Structure formats: structure tokens, C-alpha cells
Amino acid sequence: MAPLVSLDGSCLEAVDSAANREAFGLPGASRGASAFPQLRFVALVENGTHVLFGTHPGRYEDGETTLARPALAALQPGMLCLADRQFFGHALWQEATATGADLVWRVKRNLRLPREAALADGSYLTTIYPSEKDRRRRANGCRLRVVEYRLAGVAGAEPLYRLVTTLLDPAETPAEELAALYHERWEIEGALDELKTHLRGAGVVLRSKTPDLVRQEFWGLLLAHYAVRGLMHEAALRAGEDPDRLSFLHAVRVVRRKLPLFVALSPSGQAQPA
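One rule links them: number in our numbering = place in the sequence shown (from 1) + 86.
1. Only counting the same chain, and skipping five residues up and downstream in sequence, which positions put a Cβ closer than 6 Å to that of Tyr235?
2. Which value, in whole angstroms, describes the spacing of the CA atoms of Thr252 and Leu308?
3. Go through the stretch 210-272 residue by residue and report every complete run of the alpha helix (DSSP H) that reaches 4 residues or more, in order.
4. For Pro163, count neighbouring C-beta atoms within 10 Å of its own C-beta (all shown protein chains included) and say buried if the count is 16 or more, exposed if not.
5. So for Asp363, helix, strand or coil by DSSP?
6. Buried or exposed for Leu161, please, with buried defined as at least 16 other CB atoms from any protein chain shown within 10 angstroms of its CB.
7. Between Asn106 and Lys295, which are expected to be in contact by the criterion C-beta below 8 Å, what is the C-beta distance as a whole number of angstroms?
8. Are Glu202 and Leu189 touching if we call contact CB-CB under 7 Å?
9. Grouping DSSP H, G and I as helix and E and B as strand, with all else coil, what is Arg195?
10. Nearest to Gly149 by alpha carbon, out of Glu132, Leu345, Gly95?
11. Check whether the stretch 327-341 touches the stretch 309-319, taking contact to mean three or more Cβ pairs, one atom from each stretch, closer than 8 Å.
12. DSSP state of Ala360, grouped into three classes?
13. Would you call the stretch 259-279 in contact with the stretch 192-207, where contact means no fewer than 3 C-beta pairs closer than 8 Å?
14. Could you check if Leu125 is buried or exposed, using at least 16 other CB atoms within 10 Å of its CB as the buried criterion?
15. In its own chain, which residues sit with a C-beta less than 7 Å from the C-beta of Asn226, not counting the 5 before and 5 after it?
16. Could you have a look at Glu275 and say whether DSSP puts it in helix, strand or coil?
17. For a quick check, are the C-beta atoms of Ala154 and Pro123 less than 7 Å apart?
18. Alpha carbon to alpha carbon, how far is Gly134 from Leu299?
19. If you run the structure through DSSP and keep just helix, strand and coil, what is Leu138?
Next up, the structure:
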């Protein structure tokens, strides 16, 4: 099976300083603005290992679709990318498909997707265009497949789910399989929770007072997440276990207990005994 990856974005709060407010911006609030500047980022996650990659940070005001462009450049041929409905658009779809990866993205229910050719599994083919002028002229179109389904008997389910995909052959990828596969996108929600809650700590802000150090702290947090996930993957392979069965929080606690046993580096770069 092709490596399965998911796309999503989130925010991290930084300590309140004039420099951080100017660099990252403040989200709005019911009364004025939020108390802390926020760094927004978009990332891909490898679903099997929860490793975040292709991460791109920016200002709070930057839209996730804007930050997704450099993140999607990390896609490679052979990958299958899942994404939620806020990311879909002709330009971003074209950029993502240009990487050679296949896509299964959710779209809004009211998006205009004419049924041009019905397929045996209930899905259908359609064409999207960059503008209404192009649609009228049938120019610069992009062919894709639409899968629509409902989740009967599931509490809180929406009336209709719509997916679009580059996988056009229903014999190779039936609509039912794609509908089930899309819900694997929630793996990135788990990875972001690991990063923000279990590793950084709930209610903890990035402590640096200057933008450069906030970004450095952000990349350090990502590296720490990668290191923990790497250790978990190695442990799972040795034990013959699925990495998904291991607890990230337990792994973080084990690493923290072991840290005093190793030599630490002081800010001066000189090794210090633990």
C-alpha cells in the first residue's frame, strides 16, 4: 500500500512581547485581542508513524491554504495524501498533484461538481476549472473523481460527505474503500495533540521573547517529537508490535526519566556531568 499521509494545520501560543506580537500577530477575541501571539503552521504527517514533516510556520493571519503550499512540496510520487475540506481549491489541488502524489481530499457539500460520467461503484467523474470563464470555454480543466457517502447510525455524522480524488479507476480503488480510508485523516489530529499537549504541555506557551528564538523553539519541539516517535517505531519493530498500539505519553515519560542518566550540553557548548 502507498505511504499514507495527512495534511492539517494548527497554532502555538508564544510569550507576550512586542516583538512576538509584531512577528506573529494576535487572534481576535470577544473583547479586543487574545493575550498571546500565535504562530500558525501547516504540516504533513506520515499516518503509520505519526512523524510530522514538510512543516511550514507563519503568522497567525496567514491562511492555512497559503501555508499549505510549501508543506505540500514535501509530497512525493507513491504517497497518498488526505486533507480536509478547507484546503481544496483548483490552484492548490494542481500544485499537490504536480508532486506526483495521489490525493483524497474532502470538499464542501455545496461545491459545484457536475456529474459528467457515472461509475460502477456509485462515484462519478467531473472536471474542475480555475475560473468561470475557463469553465464556459472548457479550458484548463482538471479531471477528478467524486465519492459521496453517508454515515448511517453514527451519532453526530453530517448529512453528506464528499471526497475528490486523483484515483479515477473504481476497479482499483472502490468508493467504499476510499470513504473508509479518508477517516484515517484523524491520525494527524492525534499527532498534533502529541506535540502540543503531551510534549509541550497543556497550557504552556513557547517561552522565547524574540521571533527568531520562538521559531528555534518551535523547530526544537518538532525535533523532539520526531525523536520520541523514532524511538517508539524502533521499539515496536523489535517487539513485533504495531506502533499505533504504543502510548506516546508513556514514551515521553520514559525519555524524561532517562535524561538525567546522560551527559547534557550547557548553553556554552561544554559537556556537563548529569
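Even for Gly, the Cβ is constructed at its ideal location relative to N, Cα and C.
Note that the structure is predicted; figures quoted are calculated from it, not measured.
Let me spell this out:
1. As a position in the sequence shown, residue 235 is number 149, starting the count at 1. Cβ within range, chain order: Tyr247, Ala265.
2. One-based indexing of the sequence shown puts residue 252 at position 166. One-based indexing of the sequence shown puts residue 308 at position 222. C-alpha separation (whole angstroms): 30 Å.
3. 218-223, 261-268
4. Taking the first residue of the sequence shown as 1, we reach residue 163 at position 77. It is exposed - the Cβ of Pro163 has fewer than 16 other Cβ atoms within 10 Å.
5. Summary: the structure shown does not reach residue 363, with the chain confined to residues 87 through 360, and so no result is reported for it.
6. Here residue 161 refers to the residue found at position 75 of the sequence shown. Burial call: buried.
7. Locating residue 106 in the sequence shown gives position 20, counting from the first residue. Locating residue 295 in the sequence shown gives position 209, counting from the first residue. Asn106 to Lys295, Cβ: 7 Å. Contact.
8. Taking the first residue of the sequence shown as position 1, residue 202 is located at position 116. Taking the first residue of the sequence shown as position 1, residue 189 is located at position 103. No, they are not a contact pair.
9. For this step, residue 195 is matched to residue 109 along the sequence shown. Three-state DSSP puts Arg195 in coil, outside helix and strand.
10. For the purposes of this step, residue 149 is taken as residue 63 along the sequence shown, with counting starting at 1. Comparing Cα positions, the closest option is Gly95.
11. Verdict: yes, contact present.
12. Here the question's residue 360 lines up with position 274 in the sequence shown. Residue placement at Ala360 is flagged as unreliable, the pLDDT there being 47, under the threshold of 50; the coordinate-derived value follows with that caveat. Ala360: coil per DSSP, three-state reduction.
13. Under the Cβ criterion (8 Å, minimum of three pairs), the stretch 259-279 counts as touching the stretch 192-207.
14. As a working note, residue 125 is residue 39 in the sequence shown. Under this definition Leu125 is a buried residue.
15. Counting from 1 along the sequence shown, the entry for residue 226 is found at position 140. Cβ neighbours of Asn226 beyond the five flanking positions: Tyr215, Pro216, Asp220.
16. As a first step, residue 275 is located in the sequence shown; it is residue number 189 there, counting from the start. It is helical.
17. Counting from one through the sequence shown, the residue named residue 154 turns up at place 68. Counting from one through the sequence shown, the residue named residue 123 turns up at place 37. Going by C-beta atoms, Ala154 is not nearer than 7 Å to Pro123.
18. Here residue 134 is taken as the residue at index 48 of the sequence shown, counted from 1. Here residue 299 is taken as the residue at index 213 of the sequence shown, counted from 1. Using only the alpha carbons, I get a separation of about 31 Å.
19. By one-based count along the sequence shown, residue 138 stands at place 52. Strand at Leu138.
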